[in-house]
Structures are given as structure tokens and as C-alpha cells.
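Be aware that the sequence shown starts at 1, since it is given in the UniProt record's numbering, and climbs by one per residue.
No residue lacks a Cβ here, since even glycine has one placed at the ideal position from N, Cα and C.
It should be emphasised that the depicted structure is a prediction, and the values quoted were computed from it without experimental measurement.
Contents: one structure, followed by commentary.
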Amino acid sequence: MCRTRTRPLVAKKAKKVKKAKKPPATPLQAGNDSSSTPRRITGPKFRKELAFVRTLAELRVSAPKKPAPRSAFRKKELDPEELATQATAQAEEDAVEAAAVAKRMAKYAALRSLYRTAELDSPAAPLLLVDGYNVIFASRRLARLARVRSLDLARERLVDEVGDFAVDRAMRAVVAFDAMGNPEGESCPWRRRTDLGGVEVVYCTASEADTFLVEEARRQRTAGAARVLIATDDLEIQDDINAPAEIAYLPSPMLLSEMRTAAREAGKRKRAAQWAWRAGNVQGVAELVRPWFAGQPPPLTDTLPPQSLGDPDSRWVCVYGVDLHYKEVGPADSKTAVLLIHGFNGSAWNWQGVMPAMAEAASDARVIAFDRPPFGISQRPLSWEGEEADNPYTSQGAARLALGLLDALGIEKAVVVGHSAGALVTMELFKRAPERVLGLVFVAPALPTNEPNSGPGGRKPSWQWQLRMAYSRALLQTEGPALHYVRGTLLKKAEEVRGGDLSGVFHDVTRATPEMIETYLRPLRSHDWDRGALLSFRAMRRPNALPYEAVTQPVLVVIGSQDSMLLKSTKKVTGLLQARPQGSTGYVELEACGHVPMQEQPDAFAAAVAPFIGEVVGAAAASPHAALRTSAAAAMAEQAAASAPRSSYGSGAKE
Numbered sequence: 001m002c003r004t005r006t007r008p009l010v011a012k013k014a015k016k017v018k019k020a021k022k023p024p025a026t027p028l029q030a031g032n033d034s035s036s037t038p039r040r041i042t043g044p045k046f047r048k049e050l051a052f053v054r055t056l057a058e059l060r061v062s063a064p065k066k067p068a069p070r071s072a073f074r075k076k077e078l079d080p081e082e083l084a085t086q087a088t089a090q091a092e093e094d095a096v097e098a099a100a101v102a103k104r105m106a107k108y109a110a111l112r113s114l115y116r117t118a119e120l121d122s123p124a125a126p127l128l129l130v131d132g133y134n135v136i137f138a139s140r141r142l143a144r145l146a147r148v149r150s151l152d153l154a155r156e157r158l159v160d161e162v163g164d165f166a167v168d169r170a171m172r173a174v175v176a177f178d179a180m181g182n183p184e185g186e187s188c189p190w191r192r193r194t195d196l197g198g199v200e201v202v203y204c205t206a207s208e209a210d211t212f213l214v215e216e217a218r219r220q221r222t223a224g225a226a227r228v229l230i231a232t233d234d235l236e237i238q239d240d241i242n243a244p245a246e247i248a249y250l251p252s253p254m255l256l257s258e259m260r261t262a263a264r265e266a267g268k269r270k271r272a273a274q275w276a277w278r279a280g281n282v283q284g285v286a287e288l289v290r291p292w293f294a295g296q297p298p299p300l301t302d303t304l305p306p307q308s309l310g311d312p313d314s315r316w317v318c319v320y321g322v323d324l325h326y327k328e329v330g331p332a333d334s335k336t337a338v339l340l341i342h343g344f345n346g347s348a349w350n351w352q353g354v355m356p357a358m359a360e361a362a363s364d365a366r367v368i369a370f371d372r373p374p375f376g377i378s379q380r381p382l383s384w385e386g387e388e389a390d391n392p393y394t395s396q397g398a399a400r401l402a403l404g405l406l407d408a409l410g411i412e413k414a415v416v417v418g419h420s421a422g423a424l425v426t427m428e429l430f431k432r433a434p435e436r437v438l439g440l441v442f443v444a445p446a447l448p449t450n451e452p453n454s455g456p457g458g459r460k461p462s463w464q465w466q467l468r469m470a471y472s473r474a475l476l477q478t479e480g481p482a483l484h485y486v487r488g489t490l491l492k493k494a495e496e497v498r499g500g501d502l503s504g505v506f507h508d509v510t511r512a513t514p515e516m517i518e519t520y521l522r523p524l525r526s527h528d529w530d531r532g533a534l535l536s537f538r539a540m541r542r543p544n545a546l547p548y549e550a551v552t553q554p555v556l557v558v559i560g561s562q563d564s565m566l567l568k569s570t571k572k573v574t575g576l577l578q579a580r581p582q583g584s585t586g587y588v589e590l591e592a593c594g595h596v597p598m599q600e601q602p603d604a605f606a607a608a609v610a611p612f613i614g615e616v617v618g619a620a621a622a623s624p625h626a627a628l629r630t631s632a633a634a635a636m637a638e639q640a641a642a643s644a645p646r647s648s649y650g651s652g653a654k655e
């Protein structure tokens with residue numbers, strides 16, 4: 001049966017008839033018609049003003065008669081117990097917030113306390129662990145570089161900047177990256193960047209850089225690292241470590257800021273060094289030009305005879321017409337000696353702190369230190385007889401004087417110790433009489449490295465240095481300007497030394513005692529110190545090569561680790577000596593020591609040299625031909641004493 005749905009009948013609504021709008025009443029009509037309603041003003045400005053008026057009226061009506069309490073804790077509706085409970089809760093919240101603030105402040109103070117106040121005398125330097133990609137994308141510059149150009153370039157740029165920062169702050173650094181963007185997976189193109197002060201770059205698989213940083217921080221702390229700093233914004237890393245005080249966290253933006261600051265500081269230092277170098281060049285040029293306009297130099301009037309400047313234990317002996325000042329420790333009748341030869345601008349006083357220890361090590365030998373002209377308080381001869389090799393101001397002439405001193409004192413053989421430029425005299429002495437040398441000790445030796453075109457310190461001289469030296473040699477040949485130049489140079493240096501500035505030869509200038517400083521100044525009171533220095537400057541020559549392979553005696557090389565002038569060349573010379581077909585070569589590098597280890601660290605120097613001297617002297621004493629050598633040395637000494645010319649100060653040994 002088919003059903004038909006029918007809709008219910010609904011009454012249709014009547015259509016609304018729109019009423020015609022009344023025209024708005026004019027103001028006049030509105031005012032006259034009292035039954036009409038005034039028009040509503042609905043402008044935004046009026047509504048704001050009306051709301052303000054209503055609020056002000058409500059405040060006036062509801063204003064309390066008594067002032068409102070300052071806080072919820074002072075409402076009189078609260079009973080004392082509830083008040084105490086709320087006060088305790090509020091105090092706990094304040095304590096938690098204060099602890100959080102203190103923790104954040106500790107984070108930001110961690111870096112400064114790390115590289116500004118860290119004790120770097122510990123062998124374990126502070127360590128900086130860097131979350132690589134976290135820092136890259138925290139930097140707009142590096143992030144843009146990674147997106148626009150190359151992620152590899154951004155990584156390398158970050159490693160370079162972290163390396164510079166680590167070198168500037170004396171820190172070790174490790175930068176860890178996830179495997180993102182690394183086509184080689186776990187392999188690393190720069191596993192170790194030794195050129196950046198030991199920055200290590202580590203690639204991790206997947207997203208294990210976080211795990212690596214956590215494990216590395218713990219491992220470094222266990223290994224004894226002084227401080228560990230983790231640069232990251234990843235809170236999970238911070239939560240993974242219950243960090244002790246030695247592990248601090250640094251936000252990535254702050255690390256970027258610190259790196260920019262360090263770069264600016266490095267730039268300022270570089271510019272300051274450049275300006276100082278330019279100013280030094282200008283001053284050096286002025287010192288070279290000024291003597292030409294100074295006129296004839298006046299004679300010195302404040303000098304004394306050298307013998308009046310000696311100590312109670314000072315002695316003099318005439319050798320080839322030159323009165324040499326020397327000091328001696330040990331048995332006077334011994335025919336074996338340890339001869340100490342000082343360097344440029346040095347003297348026998350350089351050795352007096354280590355002479356007793358050397359004499360104790362070589363119990364059967366005499367320890368002798370002498371002043372070679374024009375240094376110390378030996379005579380400065382203004383003329384001499386013979387060839388250029390007999391010039392007492394050359395290294396050959398100084399070696400001749402040293403051998404003459406051994407002859408005058410009746411010494412047959414010696415262990416020769418030469419410091420700085422005195423090492424060159426030591427080699428010249430060996431070339432003249434190798435049979436009289438038992439062993440050689442080179443202390444911070446200023447010796448050639450046998451390399452072509454090598455200058456002082458084994459470095460290739462710059463054209464500026466060569467030009468200055470050529471001009472200086474020309475200046476030194478003119479008597480008046482040359483004497484002005486020598487006086488000005490040495491007196492300027494003397495003023496620096498008098499003020500305690502021995503930074504050129506001491507690493508720790510606090511070790512320079514007033515007595516040491518006085519021994520550097522006393523020679524400038526001796527007769528003809530200026531003219532002797534001028535003759536020395538004129539005679540200064542440096543050989544390009546020496547026959548190290550001809551040395552068959554045992555050799556010991558000693559130098560300070562902070563001797564910036566000669567450390568590099570000394571290692572090269574040591575390599576040449578170690579390559580000799582015969583003879584042993586020892587090498588000792590004294591830590592935190594400068595150019596004069598026998599003065600800056602006398603105990604460490606004596607401990608390094610004394611065993612070598614004792615062994616060499618002991619081996620010589622055990623030789624069966626010692627008696628024959630003794631008689632030969634005595635005859636040689638008598639012959640030298642008979643043929644030695646007299647000097648203006650007398651002859652023979654004086655005390």
C-alpha cells in the first residue's frame with residue numbers, strides 16, 4: 001500500500017509591513033517637543049569620556065572610609081593562622097625564584113670566572129665544550145651562511161672562531177656536531193685542528209652530540225680538568241648532569257657575544273702592536289739620525305779604573321797585554337778546570353750563583369769565570385798587535401784570550417761552558433785547541449743553524465733588518481756620531497735595567513735581585529766602556545756555519561722554555577749535534593725560564609749541568625795519561641807567563 005506523506009497545515013505568517021521612518025527632528029523641534037527622546041551620541045571619543053566619568057563616579061560612591069590594605073596579608077578578614085600559612089607559602093615561592101635567579105646569574109658568571117680568574121698554573125687547562133649546531137643556529141650570521149651557501153662552510157667558520165677564542169682565553173675547546181649535513185657519517189675531515197691551539201672537532205651519528213657532550217664533561221672532570229664549560233641552549237643537556245661547581249653552562253648567544261668581544265680585543269691588540277712597531281721604527285730611525293747632529297762627544301769624567309770596581313774575591317791576570325778580571329772556586333793546584341764564558345753584555349757575575357755547585361760536582365777541578373772585553377770590568381784595550389784574528393773584541397780574539405787565561409793559570413784541559421754569544425767563543429776555542437777541551441756545555445747558544453741566509457735566532461732576516469744593519473755599520477765607522485750612538489744605546493738600556501726591567505733576559509723579572517741589577521750597571525763605570533763597546537760593535541761578525549760534525553767530545557745543551565730569542569734555533573743546533581758520528585749530546589729545557597737560566601733558576605741549572613760536569617771531569621781524571629798531561633800543562637804555563645806582554649795595569653795574577 002502506498003503511503004503518501006502530507007505536510008501539516010501551517011498558518012502562513014503575515015508579511016510585516018515596513019513602517020515609514022520618521023524624519024529626524026530638528027534641534028528646534030526636539031527642544032519644543034517634550035515627549036520626543038533625544039538622539040544618542042555614539043562617537044568613540046564620547047564613549048571613552050563617558051566611561052571614564054562613570055568609573056570616576058563609581059569610585060567616589062564606593063570609596064572606603066579607611067585606606068585599603070597594602071597587600072592581601074593585611075586584610076582583617078584573614079585570621080592569624082591563615083595569614084602565617086600564606087606568608088610561608090609566599091616565602092617559599094620567593095626562595096625558589098631567588099634560587100632560579102641565582103642559578104641564571106651563576107651561568108653568566110661561569111665564563112668570566114673561568115677564563116678571567118682561573119688558575120692556569122694547573123697542568124689541566126679549562127675546557128670548553130661547544131654544541132656546534134646549537135651555536136650555529138643561534139647566530140643569525142652563521143645560520144644565514146648555512147642556509148644560503150653551505151653548512152660545511154658554516155661549520156668551518158664556527159670552528160675557526162672557537163679556535164681563536166680558545167687561544168685568546170688559554171682554553172682547550174671541543175666542538176661536537178650531529179651527523180646532520182655530514183656526507184661522510186662518522187668520519188671527520190678535521191679530526192684535530194692543531195693549528196687552532198688544539199681544537200677538536202667531533203662528528204656524532206644521528207643526534208648523539210648531546211650524549212657526547214654529557215659524557216665528555218663527566219670524563220674530563222674525572223680526568224682532572226680544572227674547569228669544564230658547556231656552551232648550549234639545550235635544557236636536556238643541563239638536566240642530564242647533576243653539575244658540580246666545576247661544570248658551568250653558557251647560553252649560545254652569550255658564547256657568540258664573548259667570541260665577538262674577544263675578536264674585537266684581539267683586533268685592538270693587533271692594531272696597538274702595529275702602532276707600537278711603527279713608533280719603535282720611528283724612534284729607532286731617530287736614534288740612528290740624531291748622532292749626526294750631536295757634535296763631538298765630550299770625554300767621560302765619571303769612570304774609574306777597573307780594579308777599583310772589583311769584589312773581595314776578584315782577581316786579575318795579564319793575557320796578551322790585556323788585564324782580565326776573573327773569579328775562581330775550587331782547588332788552586334788543579335790542572336783541570338770548568339771555564340765559564342758569558343754572553344753579550346754579560347760578565348763573570350752571571351755565573352757566581354752556580355759556581356759553588358759546579359765546583360762541588362767537579363771535586364778535582366777549578367771553576368773559573370772571566371770577563372771578556374769589552375764587558376765586565378776587564379781592561380778595554382784601544383789598540384793591539386797582530387792580525388784581525390787577534391782582535392780581543394772578536395770571537396776569535398776572545399777564544400785566544402780564553403786559551404791564554406788557561407795557560408797563565410796552569411790549566412791543561414777544561415770543560416768549556418758558553419752562554420749565548422759566549423757559545424760562539426766556545427766553538428772558536430774548540431777549533432783552536434780541540435785537544436784541550438774535555439766537553440762542551442752550550443747555554444742558550446747563539447750559534448748558526450748552518451742554513452743559508454739565516455739570521456740571529458735561526459730566522460731569515462727581513463730587508464728592513466738588513467737595511468738597518470747596513471746603515472748601522474756605516475754609522476759605526478764615523479768616530480764622533482758612532483760614539484754618540486753607542487753611548488745613547490747603552491745608557492738607555494742601563495736606565496731600563498736600573499728600573500728593574502730585565503724582561504729581555506728574565507721570564508720572571510721578580511727573580512732579579514738588586515745585587516744582580518747592580519752587576520749589570522757596574523761595568524758602565526769602568527774606564528773606556530764606551531770606546532770598548534764601539535770597537536766591539538765594529539768587530540761583530542757572525543759565521544753562517546760551524547763544523548759541528550767535527551766535535552767528538554760530549555755536549556750538553558741547556559735553554560729556558562721561555563727564551564723566545566733562541567729556543568727555535570737552539571733546537572735546530574741540537575739536532576745537528578745529535579747527528580754527529582761521534583760524541584753524545586744531551587738536551588735540557590728548563591720550564592718557565594728565560595735567557596739567563598744560571599741567574600733566573602740557579603738551582604735548576606746547577607742540577608742539570610753538575611752531573612754532566614762531574615761525569616766528564618771524572619772520566620778525565622781516571623785516564624792513565626793524566627800525569628803526563630799535568631807536566632805538559634805546567635811547562636806550557638811557564639812558557640806563556642814568560643812570553644806574555646805587560647799591560648798598563650801590571651802583569652801576572654792579582655787578587
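| Check | Outcome |
| --- | --- |
| Closer than 8 Å is the cut-off here; do at least three beta carbon pairs connect the region 327-339 with the region 565-580? | no |
| Does the structure place the region 309-323 close enough to the region 493-506 that three or more beta carbon pairs sit under 8 Å? | no |
| Where does Phe165 land, buried or exposed, given buried means 16+ other C-beta within 10 angstroms? | buried |
| In angstroms with no decimal places, state the Cα-to-Cα distance between Thr211 and Cys204. | 9 Å |
| Cα separation between Phe375 and Arg522? | 10 Å |
| Cβ of Leu158 versus every heavy atom of the ligand ATP: is any distance shorter than 6 Å? | Among the components of this structure there are no ligands whatsoever, and the ligand ATP is therefore not found. |
| Please classify Val415: is it buried, with 16 or more other beta-carbons within 10 angstroms of its beta-carbon, or exposed? | buried |
| Between which residues of its own chain and Ala273 is the CB-CB distance below 6 Å, once the five residues before and five after are set aside? | none |
| Of all the options Arg315, Gly353, Leu127, which has the alpha carbon lying nearest to the alpha carbon of Arg218? | Leu127 |
| Between Asn544, Tyr485, His507, Ser569, which lies nearest to Leu535 when the distance is taken from Cα to Cα? | Tyr485 |
| List the whole-angstrom C-beta distance separating Ser252 from Val135, where the pair is believed to meet the contact cut-off of C-beta under 8 Å. | 5 Å |
| Excluding the 5 residues preceding and the 5 following Ile377 in the sequence, name in chain order all residues of the same chain whose CB lies nearer than 8 Å to its CB. | Pro306, Gln307, Leu309, Gly310, Ser314, His325, Ser347, Asp371, Arg522, Pro523, Ser526 |
| Alpha carbon to alpha carbon, how far is Ala399 from Glu600? Give it in angstroms, no decimals. | 26 Å |
| Does the distance from the C-beta atom of Pro392 to that of Leu406 stay below 7 Å? | no |
| Using a Cβ-Cβ cut-off of 8 Å (strictly less than) and excluding sequence neighbours within five positions of Asp168, which residues of its own chain qualify? | Ala262, Glu265, Ala266 |
| What span of residues does the beta strand (DSSP E) with Phe442 cover, start to end? | 437-443 |
| Kindly list the residues whose CB is nearer than 6 Å to the CB of Thr232, restricted to its own chain and excluding five residues on each side of it in sequence; keep chain order. | Asp131, Asn134 |
| Which class does His484 belong to by DSSP, given the choice of helix, strand or coil? | helix |
| Taking its Cβ as the centre, do 16 or more other Cβ atoms sit within 10 Å of Asn345, making it buried, or is it exposed? | buried |
| Hey, could you find the ends of the beta strand (DSSP E) Ala369 is sitting in? | 366-370 |
| Does DSSP put Lys335 in a helix, a strand or coil? | coil |
| Looking at Leu546 and Pro434, is the spacing between their C-beta atoms short of 7 Å? | no |
| Helix, strand or coil: which one does DSSP assign to Gly376? | coil |
| Taking 8 Å as the threshold, find out whether the region 356-369 comes into contact with the region 378-390 through three or more Cβ pairs. | no |
| Among the residues of its own chain, which have a CB less than 8 Å from the CB of Thr489, if the five just before and after it don't count? | Glu287 |
| Need the endpoints of the beta strand (DSSP E) that Ala414 sits in, please. | 413-419 |
| Note down the Cα distance separating Ala592 from Phe612, rounded to an integer number of angstroms. | 22 Å |
| Spatial neighbours of Arg542 within its chain, please: C-beta separation below 6 Å, excluding the five flanking residues on both sides. | none |
| With a Cβ-Cβ cutoff of 7 Å, do residue 714 and Ala421 count as a contact? | This structure does not reach residue 714, given that the chain is present from 1 up to 655, and the question cannot be answered. |
| With a cut-off of 8 Å on the beta carbons, I'd call Pro299 and Leu483 a contact; round off their distance for me. | That belief does not hold up - the Cβ atoms of Pro299 and Leu483 are roughly 10 Å apart, past 8 Å. |
| Gly295: buried (16+ other C-beta within 10 angstroms of its C-beta) or exposed? | exposed |
| Which residues share a DSSP beta bridge with Leu324? | Val317 |
| Could you have a look at Phe506 and say whether DSSP puts it in helix, strand or coil? | coil |
| Going by DSSP, name the residue or residues bridged to Asp131. | Ala176 |
| Judging by CA-CA distance, which residue of Gly560, Arg221, Cys318 is the nearest neighbour of Gly594? | Gly560 |
| Would you call the CB atoms of Val228 and Val159 closer than 7 Å? | no |
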